[in-house]
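Below is one structure, written out as C-alpha cells; comments come after it.
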Amino acid sequence: MSFLFGGGNRSVEGSVDPAKIEMAMAELDMITDVFNRLVTSCHTKCISSTPNNHRYIEGELLKGESVCIDRCTAKFFEVNKKVGERMSAMGNAAQSSGTFGR
Amino acid sequence: MSTPTPPPPPSPSPPPLQGNYSASPALPPTPGGKVIPPAPAATTSTPTPNAIPPKPELAPLTGFRSALQHTGIPRSVLLYKPRLPSQRWMIFWSVLGTVSFTYYYDRKECERIRRETIERVQSRGQEPLEGGSLGVPRRVVVWGGKWGGDEDEDRALRYFRKYVKPYLVAAGIDYHLPTSPLHGSITRQIHAQVLSTRRQALGLESPKPHLDLPGVLSPEEVRQKELEGGVVLVGRQSMKEFLEGLRRGWMGGVDSWDWEKEVENKLENDGVFEERVESVNLPVSVDSSETLTEQHLVDPAATTTAPSKPIGGLGFLSRPGAPPSTFSMGMGSDLPNTPATPLIPSHYHVPPSPLPPQPPILLLPFVNHVGFMQIPQMIGSWFNERRRVSAGSQAALALIESRTRPFDPLVDLEFDKGSERFYNKAAKELPKRIETARKDYYEALRPRVEEARKYELGQREMTDEEKKSGKVWRVDELKEERKKKELRWMGNQEGWEIVRPESEPTWDQRWEAWLNVFDLPKNGEGPDK
Numbered sequence: 001m002s003f004l005f006g007g008g009n010r011s012v013e014g015s016v017d018p019a020k021i022e023m024a025m026a027e028l029d030m031i032t033d034v035f036n037r038l039v040t041s042c043h044t045k046c047i048s049s050t051p052n053n054h055r056y057i058e059g060e061l062l063k064g065e066s067v068c069i070d071r072c073t074a075k076f077f078e079v080n081k082k083v084g085e086r087m088s089a090m091g092n093a094a095q096s097s098g099t100f101g102r
Numbered sequence: 001m002s003t004p005t006p007p008p009p010p011s012p013s014p015p016p017l018q019g020n021y022s023a024s025p026a027l028p029p030t031p032g033g034k035v036i037p038p039a040p041a042a043t044t045s046t047p048t049p050n051a052i053p054p055k056p057e058l059a060p061l062t063g064f065r066s067a068l069q070h071t072g073i074p075r076s077v078l079l080y081k082p083r084l085p086s087q088r089w090m091i092f093w094s095v096l097g098t099v100s101f102t103y104y105y106d107r108k109e110c111e112r113i114r115r116e117t118i119e120r121v122q123s124r125g126q127e128p129l130e131g132g133s134l135g136v137p138r139r140v141v142v143w144g145g146k147w148g149g150d151e152d153e154d155r156a157l158r159y160f161r162k163y164v165k166p167y168l169v170a171a172g173i174d175y176h177l178p179t180s181p182l183h184g185s186i187t188r189q190i191h192a193q194v195l196s197t198r199r200q201a202l203g204l205e206s207p208k209p210h211l212d213l214p215g216v217l218s219p220e221e222v223r224q225k226e227l228e229g230g231v232v233l234v235g236r237q238s239m240k241e242f243l244e245g246l247r248r249g250w251m252g253g254v255d256s257w258d259w260e261k262e263v264e265n266k267l268e269n270d271g272v273f274e275e276r277v278e279s280v281n282l283p284v285s286v287d288s289s290e291t292l293t294e295q296h297l298v299d300p301a302a303t304t305t306a307p308s309k310p311i312g313g314l315g316f317l318s319r320p321g322a323p324p325s326t327f328s329m330g331m332g333s334d335l336p337n338t339p340a341t342p343l344i345p346s347h348y349h350v351p352p353s354p355l356p357p358q359p360p361i362l363l364l365p366f367v368n369h370v371g372f373m374q375i376p377q378m379i380g381s382w383f384n385e386r387r388r389v390s391a392g393s394q395a396a397l398a399l400i401e402s403r404t405r406p407f408d409p410l411v412d413l414e415f416d417k418g419s420e421r422f423y424n425k426a427a428k429e430l431p432k433r434i435e436t437a438r439k440d441y442y443e444a445l446r447p448r449v450e451e452a453r454k455y456e457l458g459q460r461e462m463t464d465e466e467k468k469s470g471k472v473w474r475v476d477e478l479k480e481e482r483k484k485k486e487l488r489w490m491g492n493q494e495g496w497e498i499v500r501p502e503s504e505p506t507w508d509q510r511w512e513a514w515l516n517v518f519d520l521p522k523n524g525e526g527p528d529k
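Order-wise, the sequence lines are chains B and Z. Per full-length UniProt numbering, the first sequence starts with residue 1, numbered consecutively. Per full-length UniProt numbering, the second sequence starts with residue 1, numbered consecutively.
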C-alpha cells in the first residue's frame with residue numbers, strides 16, 4: 001500500500017511512516033472495540049443474566065455457560081459481518097449517487 | 001348463522017310492584033306473615049269513584065328483610081333475586097367461556113411442562129465443563145427436512161427450536177442445525193459426509209489438516225464426541241432422507257462424488273446450448289417450436305445434429321437406483337469417475353463390515369398442516385399445544401438422559417407414519433409441477449440463447465430494453481441460470497422420490513443391530529403425564 005501514501009520515495013531506513021502508524025492504530029482501536037463489545041454482550045447474556053442464576057458459583061466454566069458463550073460469539077460475528085456488508089453496500093451506493101440511502 | 005333461531009323467550013315477568021313505602025306501614029301485619037293478595041273487591045267498594053285506585057298492597061317483608069326494611073335500603077334491593085340471563089346470552093357466554101378456558105388451560109399446561117422439564121435437566125447445565133474453558137460440550141446434529149407442499153423449508157427446524165431446544169439449552173447441550181432447502185438435501189449431505197469419511201479411512205482423500213493447538217480435538221476425539229452427541233431427525237421425511245443417505249454413503253462405492261458436478265455433467269452435453277449448424281439455422285428455429293409443443297421437452301439439438309437425447313426423460317436420472325440409460329451412462333457415471341476409477345481397487349467399494357458405530361438417533365414426531373383443507377387441524381392443534389410441548393419435552397429428556405435402545409426395523413420404520421396423510425395436493429403433484437416449469441422454462445430459454453449468441457457474435461445491437469437496463473444476457477450467464485434451476489428441480493425430484501408417502505424408508509438387512517435410537521418413554525410414564 002506504500003504507493004498509495006507516497007511511502008515509496010520517502011522510505012528511509014529507520015524512519016516510520018506516520019500515516020501507516022495511524023492506520024495501524026485505527027485498526028487496533030477497531031479490533032479492541034469489537035472485542036470489548038463482544039465480551040460485554042456475551043458476558044451479560046451468558047454469565048450474569050440474573051443475579052441468582054448461579055453466577056460465579058463454580059470456579060470452572062459451566063456447561064450451559066460454555067454453550068451459550070460459543071453460540072453468542074458466533075452470532076455476534078455473524079451479525080457484525082452482515083451489518084458490515086450492509087453498511088459498505090450503503091456506503092458504495094451513497095458514493096455513487098451522492099446521497100446516503102435515499 | 002344458519003341454525004334456526006329459537007322463538008324469542010317469553011319476556012321476563014314484570015317484577016312485583018315495589019316502592020310503595022307509604023302504604024305498607026298502614027297495613028295491619030297479618031299474623032304468621034302470610035301474603036295478603038290485594039282484594040279485588042276493595043277497589044270497587046271505595047266510596048269515591050274519582051279517586052285513583054290504590055296501588056296493590058305489597059307483601060310485607062319477612063326475615064332479615066323485615067329487619068332491614070326501615071334502614072333506607074330500597075325494597076328492590078332487599079327483594080333482589082338473581083336470574084339467569086336469556087338463552088342467547090347464555091349461549092354466548094358459555095361458548096366464549098369454554099373457548100377461553102380451553103386456551104388458557106392449554107397454555108398453562110405448556111408452561112408447567114416446560115418448567116418441570118427444565119427444572120429436571122437444569123442441574124446438568126450447571127455442572128462444570130470437563131476440560132475447563134477449552135472443553136467441548138456435548139453436541140447434537142439436527143436434521144429437519146423440507147415438508148412437501150410447503151415452500152418454507154425451515155418448518156421442521158423451527159419446530160425443533162420451539163419444542164426441544166429450550167431443554168437442550170438448559171441442559172448445556174450444543175446443537176447444530178444444517179439447513180436442507182430441497183427435498184433430498186439431507187440424503188445428499190449425509191451421503192457426502194459418509195463418503196468423505198470412508199475415502200479418508202481408505203486413504204483416497206487426504207484428511208483435513210489437523211491443527212495442533214490447545215482446544216482443537218484430534219480426529220479420534222471428534223469422532224468420540226460425535227458418538228456421544230446424537231442425531232435428531234424431525235419428522236418422518238427426515239428419517240427417510242437420513243436412512244437413504246446412509247445407504248448411499250455406506251453401501252455404495254467410494255468413487256468421489258459431488259452432487260453439483262453430477263448435475264453439471266448431466267447438463268453439459270444435452271445440447272440446450274449447442275451451436276446450430278449455420279445452414280439449417282432458420283428452418284430449425286421454426287420447426288423446433290412445433291416439436292416442443294408436441295413432445296413437451298425435446299432437446300433443441302435433437303432436431304439438428306449432435307448426440308441427442310430428450311430432456312423430458314430427465315426424471316429417470318433423479319430416481320435412486322434406477323438403471324442408468326445410455327445417456328446417464330455416458331454423462332453421469334462414466335465421465336466424472338474416469339480419472340478415479342483406475343486407482344481404486346474393487347474391494348474398496350465393498351461396504352465396511354462391521355459398519356462403524358453411529359451416533360444414536362432421536363426420532364421426533366412432526367406434522368406440518370398446510371393448506372385450506374387442513375384448517376380444522378390447525379385450529380385443533382392451536383388448542384392442543386400441550387401435546388406438542390409434551391412430546392418435545394419427552395424427546396428432549398430421552399436425548400439428554402441418553403436412554404438408548406437398538407433400532408427396531410419393525411417399530412421404527414413405521415415411525416410417525418400417520419403424518420404422511422397430511423401431504424396436500426401441491427406436494428403430491430410436485431413432479432408434475434416441476435415438469436411444467438421445466439417445459440415452460442426451456443421454451444422461453446431457446447430464443448434467449450439465440451439472442452445472446454447473436455449479440456456475442458456481433459450479429460445484433462442492443463435492443464431498447466437492454467439499453468435501458470444496461471444489461472445483456474450472455475450465454476454463460478444463461479447457462480449458470482439454467483444450472484441453478486436444474487439443481488433445484490433435479491434435487492427436489494430426486495428427494496421427493498425418497499420422501500413421498502408411497503415409498504418405504506430405506507432399510508438393509510445388514511443394518512441389524514447397527515443403529516441405536518433414543519428411547520422415548522411410553523405413554524403414562526414421565527413427569528408430564
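Note that CB positions come from ideal geometry on N, CA and C, so glycine has one too. Values in this document were obtained by computation on a predicted structure and should not be read as measured data.
CA nearest to the CA of glutamate 456 of chain Z, picked from Z:Pro166, Z:Leu478 and Z:Glu443:
Walking along the second sequence from the start, residue 456 of chain Z turns up at place 456. When only C-alpha atoms are compared, the closest one is Z:Leu478.
Range of the contiguous alpha helix (DSSP H) that encloses proline 18 of chain B:
Working through the first sequence from its first residue, we reach residue 18 of chain B at position 18. 18–42 is the extent of the alpha helix (DSSP H) around proline 18 of chain B.
Residue range of the alpha helix (DSSP H) that threonine 102 of chain Z falls in?
Here residue 102 of chain Z refers to the residue found at position 102 when the second sequence is read from its first residue. Start and end: 87–125.
Leucine 233 of chain Z: first and last residue of the uninterrupted beta strand (DSSP E) it sits in
Mapped onto the second sequence, residue 233 of chain Z falls at position 233. From DSSP, the beta strand (DSSP E) with leucine 233 of chain Z extends over 231–234.
Once you ignore the five residues that flank glutamine 69 of chain Z on each side, which residues in its own chain have a CB closer than 6 angstroms to its CB?
Residue 69 of chain Z sits at position 69 when you count from the first residue of the second sequence. The residues are Leu61.
When DSSP labels each residue in this structure, what does leucine 195 of chain Z get in the three-state scheme?
If you number the second sequence from 1, residue 195 of chain Z lands on position 195. Looking at leucine 195 of chain Z - three-state DSSP - the assignment turns out to be helix.
What is the rounded straight-line gap between the Cα of isoleucine 344 of chain Z and the Cα of glycine 59 of chain B?
For the purposes of this step, residue 344 of chain Z is identified with residue 344 of the second sequence, where counting begins at 1. For the purposes of this step, residue 59 of chain B is identified with residue 59 of the first sequence, where counting begins at 1. Their Cα atoms are separated by approximately 53 angstroms.
For chain Z, find out if any of its Cβ atoms is closer than 8 angstroms to the Cβ of lysine 63 of chain B; answer yes or no.
Working through the first sequence from its first residue, we reach residue 63 of chain B at position 63. Answer yes: the Cβ-Cβ gap between lysine 63 of chain B and chain Z drops below 8 angstroms somewhere.
Answer yes or no: does any C-beta atom of chain Z fall closer than 8 angstroms to that of valine 39 of chain B?
Sequence index remark: in the first sequence, residue 39 of chain B carries index 39 (1-based). No, its Cβ sits nowhere closer than 8 angstroms to a Cβ of chain Z.
Starting from the beta carbon of serine 133 of chain Z, find every residue of chain B whose beta carbon is closer than 7 angstroms, and list them in chain order.
For the purposes of this step, residue 133 of chain Z is identified with residue 133 of the second sequence, where counting begins at 1. Chain B residues near serine 133 of chain Z: Leu61.
Taking the alpha-carbon positions, what's the serine 206 of chain Z to cysteine 68 of chain B distance?
Along the second sequence, read from residue 1 onward, the residue named residue 206 of chain Z stands at position 206. Along the first sequence, read from residue 1 onward, the residue named residue 68 of chain B stands at position 68. Rounded to the nearest angstrom, the two C-alpha atoms are 33 angstroms apart.
Whole angstroms are fine: how far does the CA of aspartate 508 of chain Z sit from the CA of serine 325 of chain Z?
Within the second sequence, numbered from 1, the residue matching residue 325 of chain Z stands at position 325. Within the second sequence, numbered from 1, the residue matching residue 508 of chain Z stands at position 508. Only weak support exists for where serine 325 of chain Z lies, its pLDDT of 37 falling under 50; the coordinates are left without a value.
Could you tell me how far apart the beta carbons of glutamate 385 of chain Z and aspartate 106 of chain Z are, in whole angstroms, since I believe they sit closer than 8 angstroms?
As a position in the second sequence, residue 385 of chain Z is number 385, starting the count at 1. As a position in the second sequence, residue 106 of chain Z is number 106, starting the count at 1. Right, the Cβ-Cβ distance comes to about 5 angstroms (below 8 angstroms), so this counts as a contact.
Answer yes or no: do leucine 182 of chain Z and lysine 240 of chain Z have a C-beta to C-beta separation smaller than 8 angstroms?
Indexing the second sequence from 1 puts residue 182 of chain Z at position 182. Indexing the second sequence from 1 puts residue 240 of chain Z at position 240. No, Cβ-Cβ distance for leucine 182 of chain Z and lysine 240 of chain Z is not below 8 angstroms.
Does the beta carbon of glutamine 224 of chain Z sit closer than 8 angstroms to a beta carbon anywhere in chain B?
For the purposes of this step, residue 224 of chain Z is taken as residue 224 along the second sequence, with counting starting at 1. No, because no Cβ of chain B sits closer than 8 angstroms to the Cβ of glutamine 224 of chain Z.
Are the C-beta of serine 97 of chain B and some C-beta of chain Z separated by less than 8 angstroms?
By one-based count along the first sequence, residue 97 of chain B stands at place 97. Not one chain Z Cβ lies under 8 angstroms of serine 97 of chain B.
Use the C-beta contact count for serine 180 of chain Z: other C-beta atoms within 10 angstroms, 16 or more gives buried, fewer gives exposed.
As a position in the second sequence, residue 180 of chain Z is number 180, starting the count at 1. It is buried - the Cβ of serine 180 of chain Z has at least 16 other Cβ atoms within 10 Å.
I want to see whether chain B comes within less than 8 angstroms of proline 74 of chain Z, judged by CB atoms only; does it?
Residue numbering aside, residue 74 of chain Z sits at position 74 when the second sequence is read from its first letter. With 8 angstroms as the cut-off, proline 74 of chain Z does not count as an interface residue toward chain B.
Could you list the residues in the segment 167–178 of chain Z with a C-beta less than 8 angstroms from some C-beta on chain B, going in chain order?
Val169, Ala170, Ala171, Gly172, Ile173 and Asp174
Do we get a CB-CB distance below 8 angstroms when we pair glutamate 58 of chain B with the residues of chain Z?
Residue 58 of chain B sits at position 58 when you count from the first residue of the first sequence. At least one chain Z Cβ lies under 8 angstroms of glutamate 58 of chain B.
CB contact check: arginine 124 of chain Z to chain B, cutoff 8 angstroms
Counting from one through the second sequence, the residue named residue 124 of chain Z turns up at place 124. Chain B contact via Cβ: present.
Out of Z:Lys261, Z:Tyr441, Z:Pro352 and Z:Gly215, which has the shortest C-alpha to C-alpha gap to serine 249 of chain Z?
Numbered from its first residue, the second sequence carries residue 249 of chain Z at position 249. Strictly speaking, residue 249 of chain Z in this sequence is glycine, with serine absent from that position. Closest option to glycine 249 of chain Z, Cα to Cα, is Z:Pro352.
Is it right to say isoleucine 434 of chain Z is buried, meaning 16 or more other beta carbons lie within 10 angstroms of its own, or is it exposed?
Sequence index remark: in the second sequence, residue 434 of chain Z carries index 434 (1-based). By the neighbour-count rule (16 or more Cβ atoms within 10 Å), isoleucine 434 of chain Z is buried.
Rounded straight-line distance, which links the Cα of isoleucine 73 of chain Z to that of alanine 59 of chain Z:
Here residue 59 of chain Z refers to the residue found at position 59 when the second sequence is read from its first residue. Here residue 73 of chain Z refers to the residue found at position 73 when the second sequence is read from its first residue. Distance between alanine 59 of chain Z and isoleucine 73 of chain Z, taken at the CA atoms: about 16 angstroms.
Going by alpha carbons, who is nearest to glutamate 65 of chain B out of Z:Arg124, Z:Gly63 and Z:Pro54?
Looking up residue 65 of chain B in the first sequence gives position 65. When each option's Cα is compared against that of glutamate 65 of chain B, the closest is Z:Arg124.
Is any beta-carbon of chain Z found at less than 8 angstroms from that of valine 67 of chain B?
Translated into the one-based positions of the first sequence, residue 67 of chain B becomes position 67. Yes, contact with chain Z.
DSSP three-state call for tryptophan 511 of chain Z: helix, strand or coil?
Against the second sequence, residue 511 of chain Z aligns to sequence position 511. Correct three-state label for tryptophan 511 of chain Z: helix.
Rounding to the nearest angstrom, what Cα-Cα distance links alanine 398 of chain Z and histidine 176 of chain Z in this structure?
In the second sequence, residue 398 of chain Z corresponds to position 398, counting from 1. In the second sequence, residue 176 of chain Z corresponds to position 176, counting from 1. Answer to the nearest angstrom: the Cα atoms are 18 angstroms apart.
Which same chain residues, not among the five before or five after isoleucine 498 of chain Z, have their C-beta less than 7 angstroms away from its C-beta?
Translated into positions along the second sequence, residue 498 of chain Z becomes position 498. Taken in chain order, the residues that qualify are Gly184, Thr187, Lys240, Glu241, Glu244 and Pro320.
Please compile the residues from chain B whose C-beta is within a distance smaller than 7 angstroms of the C-beta of proline 447 of chain Z.
Position 447 of the second sequence, counted from the start, is the residue given in the question as residue 447 of chain Z. The contacting residues do not exist; proline 447 of chain Z stays about 34 angstroms from chain B at best.
Segment limits, beta strand (DSSP E) that includes arginine 75 of chain Z:
Start at 1 with the first residue of the second sequence, and residue 75 of chain Z comes out as number 75. According to the DSSP assignment, arginine 75 of chain Z belongs to no beta strand (DSSP E) but to the alpha helix (DSSP H) extending over 75–78.
I need the boundaries of the alpha helix (DSSP H) containing proline 447 of chain Z, first residue and last residue.
By 1-based counting over the second sequence, the position of residue 447 of chain Z is 447. Segment 430–456, the alpha helix (DSSP H) holding proline 447 of chain Z.
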